[in-house]
Structures are given as structure tokens and as C-alpha cells.
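S.K.: My numbering numbers the first residue of the sequence shown as 1 and each following residue consecutively. Where a beta carbon is used, it is the ideal one built from N, C-alpha and C, also for glycine. Small disclaimer: the values here were computed from a predicted structure and weren't measured. My structure is below; once you've seen it, I'll send some questions.
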Amino acid sequence: MAAGASKERLTFGGMARWDGLDLYGPNFMSVAYRRDGEIHVRVEPSRLRPPRSPAVQHLVRLPVVRSLFFWGRLVLQVVGSVWTLVFFAATLGALWLLVSLLEVGQDASGGLLGALLGLMAEFPILPVLALFFAAMRFTPVGRYHGAEHKAVAAYERYGEVTLEKARASSRIHPRCGTNILLYIILAALADPFIGWWGYSVVQFVLISEAWFVLGQSRPSIAVGNFLQRYFTTTEPRREELEVAVESLRQLLRAEEERAGKEAARVPA
């Protein structure tokens, strides 16, 4: 499945799950997981196909519009996976319960403990981040996240995906969506002073616009790489890496077959 040096590289994204990962190409997506020692991969038309109309392509690059498009694609990713949707809903429920318990604990406790509980109730992003980072570091999600990055990096560097090339590639990727965490954290820390949760749509637009404008700056890249290295990815084992490699191979095959059919329809 080696690609020629002159062949244009495709752009792939993905999302790790507890039991596998989803990968997204220009036209197709793959859902991969391991069950009973066997790798299962399903390739289907992508729900996240980029717009083909030049006018729409220009429109979705405009400020604010691009943010709405970004969050809309993210919602489609979350809704597309039942387990991810369950995890997302459970996280929101746990956040509400956590803040409620912290507020009760603050009222019932005094001294240093009460102050600490009050701080966490005021800034619920702190305990939430601790739980999120722990889940990424100590569960298969972080390993599948790292495997996803390694497989995509191998393709982007070598033009092909093998287990050896993926293993030798970096698990830190410049396009990782978790790099936006920096701006989510800053917005959450500013919330008690601004009180803008009533304007959540505006808040999310501001977060993503800050990422679009500043995301490629050196400080932002440095923080994003730091978060990936120590918090949001872990070094995958062979089991996770094999799933990512096979998933990307089958996705590439589908994209290449489609490109071949389109080329055959073009008159000579």
C-alpha cells in the first residue's frame, strides 16, 4: 500500500475510544476495535465530508462561521459513537453532581477543607481536568489516542502505514484536537470573574476563534505538545497500534479506490 512520492497525501483525523478508535478521511470514515483478540474494522461514507462547493468552502473559513462548523463537526463525531455519547452524557452528569457535592461540602466544612472545596466549586474545571487526565493516562483511551497519532504520522511521513513505521513515529501530532484544551481551560478559569455561562454559544465561539488565530503560535504549540505528551496520550502497546494501523490501511484503501473510479470517469 505504499504511496508514490509524488502522490498527494490525504488528511486524516480521528478520535480515540475505550475499545478502539474512529478515523476520518476526506470521503470515508473507519470504526475499528479489538474484540476477543480479533481486529474489526468497518469503513463507511463519512458524515464529516468537507464541502465541495467553492462558495461554501470560502464561507466556512470566515470567522465565527468556521467556529460553528468546527463545533458542529465535533457534535457529529460524538453522536456518531454510542459509547462516546454515553461517556459525554455521563461526564456532564458527573460535573453537575460534583459541583453540587462541593457546594454542600463547602457549607458543611470549615477551615482549610472548606476553603479547598469552595475553590473547586468555584473552578469545577480543576477536578474535572484531574479526572479527565487520569482517564487518559490510565485507561485504553490514552493508548488508542497515541496509536491514532502514530499511524497517521507514519502515513504523513512515509506515505504508507506499517506496524514498524507507526511504532517509530511520534505520538505527538500538531493537528490534535485536544490542543484546544488550553483555551477551554483559560475560558473556564475566567468564568467566575466574567459569568458568561449564560452566553455559552458566544463562549464556545470565542474559544475556537482563539484556537484558530493563536493555535499555530509557538507558545500554543508548546503547551499543546506538553498536554499530549504528559496528559492526553500514552505510548500504545502492540495491541492498540495494530488496531490503528489496520484501521488506517482499510480507510486508505477505500479512499484510493474512490479516487481511481473518479479518475476512470474523467474523459481522456
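Where do the N-terminal and C-terminal ends of the beta strand (DSSP E) with G14 fall, by residue?
M.R.: Taking the sequence shown and counting its residues from 1, the one referred to as residue 14 is at position 14. It spans G13 to A16 - the beta strand (DSSP E) in which G14 sits, taken as one unbroken run.
S.K.: Are the CB atoms of G146 and R171 nearer to each other than 8 Å?
M.R.: Translated into positions along the sequence shown, residue 146 becomes position 146. Translated into positions along the sequence shown, residue 171 becomes position 171. In contact: G146 and R171 (Cβ atoms closer than 8 Å).
S.K.: Closest by CA to R42, which one among L62, A254, R137 and A259?
M.R.: The residue you call residue 42 lines up with position 42 of the sequence shown. Closest option to R42, Cα to Cα, is A254.
S.K.: Going by the CB atoms, is the gap between L248 and F28 shorter than 8 Å?
M.R.: Indexing the sequence shown from 1 puts residue 28 at position 28. Indexing the sequence shown from 1 puts residue 248 at position 248. In this structure, L248 does not lie closer than 8 Å to F28 by Cβ.
S.K.: For R17 and Y144, I'd like the C-alpha separation in whole angstroms.
M.R.: Residue 17 sits at position 17 when you count from the first residue of the sequence shown. Residue 144 sits at position 144 when you count from the first residue of the sequence shown. Taking the straight line joining both Cα atoms gives about 7 Å.
S.K.: Let me check understanding here. Comparing Cα to Cα, which of T234, E239 and E160 lies closest to A135?
M.R.: Translated into the one-based positions of the sequence shown, residue 135 becomes position 135. Nearest of T234, E239 and E160 to A135, Cα basis: T234.
S.K.: Between Y24 and G14, how many whole angstroms is the CB-CB distance? I'm expecting something under 8 Å.
M.R.: Here residue 24 refers to the residue found at position 24 of the sequence shown. Here residue 14 refers to the residue found at position 14 of the sequence shown. The pair is a contact, with the Cβ atoms about 6 Å apart (cut-off 8 Å).
S.K.: Do T178 and Q216 come within 8 Å of each other at the CB atom, strictly closer than that value?
M.R.: In the sequence shown, counting from the first residue as 1, residue 216 sits at position 216. In the sequence shown, counting from the first residue as 1, residue 178 sits at position 178. Contact flag unset, no.
S.K.: Which partner residues of L23 appear in the DSSP bridge assignment?
M.R.: Counting from one through the sequence shown, the residue named residue 23 turns up at place 23. G14 and S30.
S.K.: By DSSP's criteria, R35 is part of a beta bridge. Which residues make up the other side?
M.R.: Taking the first residue of the sequence shown as position 1, residue 35 is located at position 35. E38, per the DSSP bridge assignment.
S.K.: Classify P54 as buried or exposed, calling it buried when 16 or more other Cβ atoms lie within 10 Å of its own Cβ.
M.R.: Along the sequence shown, one-based indexing puts residue 54 at 54. P54 is exposed by the Cβ-count criterion.
S.K.: Figure out for me which residue from V64, P26 and I185 has the closest Cα to the Cα of E44.
M.R.: Position 44 of the sequence shown holds residue 44. E44 has its Cα closest to that of P26, out of V64, P26 and I185.
S.K.: Please identify the residue among Y230, E239 and R52 whose C-alpha is closest to the C-alpha of P140.
M.R.: Translated into positions along the sequence shown, residue 140 becomes position 140. Minimum Cα distance to P140 is reached at E239.
S.K.: Counting only runs that start and end within the region 185 to 258, where is the beta strand (DSSP E) found for 3 or more residues in a row?
M.R.: If we require 3 residues or more, the region 185 to 258 turns out to have no beta strand (DSSP E) run fully inside it.
S.K.: How about A151 and A166: do their beta carbons lie closer than 8 Å?
M.R.: As a working mapping, residue 151 is identified with position 151 in the sequence shown. As a working mapping, residue 166 is identified with position 166 in the sequence shown. Yes, these two residues count as a Cβ contact at 8 Å.
S.K.: Near S46, which residues of its chain fall below 7 Å by C-beta distance, leaving aside the five closest residues on each side in sequence?
M.R.: For the purposes of this step, residue 46 is taken as the residue at position 46 of the sequence shown. Excluding sequence neighbours, S46 sits near Y24, G25, N27, F28 and M29.
S.K.: How big is the Cα-Cα spacing for V245 and D22?
M.R.: By 1-based counting over the sequence shown, the position of residue 245 is 245. By 1-based counting over the sequence shown, the position of residue 22 is 22. Roughly 12 Å between the two C-alpha positions.
S.K.: Determine which residues share a DSSP beta bridge with V43 and list them.
M.R.: For the purposes of this step, residue 43 is taken as the residue at position 43 of the sequence shown. Looking at the DSSP assignment, V43 forms a beta bridge with S30.
S.K.: If you draw a straight line from the alpha carbon of H40 to that of T232, how long is it in whole angstroms?
M.R.: On the sequence shown, residue 40 is found 40 positions in, with the first residue counted as 1. On the sequence shown, residue 232 is found 232 positions in, with the first residue counted as 1. About 25 Å.
S.K.: In whole angstroms, what separates the C-alpha of I125 from that of E256?
M.R.: Taking the first residue of the sequence shown as position 1, residue 125 is located at position 125. Taking the first residue of the sequence shown as position 1, residue 256 is located at position 256. If you take the alpha carbons of I125 and E256, they lie about 43 Å apart.
S.K.: If we call anything under 8 Å between Cβ atoms a contact, is V161 one with A32?
M.R.: Taking the first residue of the sequence shown as position 1, residue 161 is located at position 161. Taking the first residue of the sequence shown as position 1, residue 32 is located at position 32. In this structure, A32 does not lie closer than 8 Å to V161 by Cβ.
S.K.: Can you have a look at I180 and say buried or exposed, based on whether 16 or more other CB atoms are within 10 angstroms of its CB?
M.R.: To locate residue 180, count along the sequence shown from 1; it is residue 180. Label assigned to I180: buried.
S.K.: Reducing DSSP to helix, strand and coil, say where H173 ends up.
M.R.: On the sequence shown, residue 173 is found 173 positions in, with the first residue counted as 1. Note: H173 maps to coil in three-state DSSP.
S.K.: Compare the C-alpha of V205 against each of E8, D19, P63 and L59 and name the closest.
M.R.: For this step, residue 205 is matched to residue 205 along the sequence shown. Of the listed residues, the one whose Cα sits closest to V205 is P63.
S.K.: For Y183, collect the residues of the same chain with a Cβ closer than 7 Å to its Cβ; drop the 5 residues on either side in sequence, then sort them by chain order.
M.R.: Counted from its first residue, the sequence shown places residue 183 at position 183. Cβ neighbours of Y183 beyond the five flanking positions: I207, A210 and W211.
S.K.: Below 8 Å on the Cβ atoms is my guess for L129 versus I194; work out the distance and round it to an integer in Å.
M.R.: One-based indexing of the sequence shown puts residue 129 at position 129. One-based indexing of the sequence shown puts residue 194 at position 194. Not really, about 19 Å apart at Cβ, beyond 8 Å.
S.K.: Decide if Y155 is buried, meaning its Cβ has at least 16 other Cβ atoms within 10 Å, or exposed.
M.R.: As a position in the sequence shown, residue 155 is number 155, starting the count at 1. Per the 10 Å Cβ criterion, buried.
S.K.: Relative to the C-alpha of F153, which candidate in H173, R61, K261 and P50 has its C-alpha closest?
M.R.: Stepping through the sequence shown from its first residue, residue 153 is reached at position 153. Just to set this straight, residue 153 is Ala in the shown sequence, not Phe. Of H173, R61, K261 and P50, the residue nearest in Cα terms is H173.
S.K.: Just tell me which of A259, E8, P219 and W71 has its CA closest to the CA of Q203.
M.R.: Mapped onto the sequence shown, residue 203 falls at position 203. Q203 has its Cα closest to that of W71, out of A259, E8, P219 and W71.
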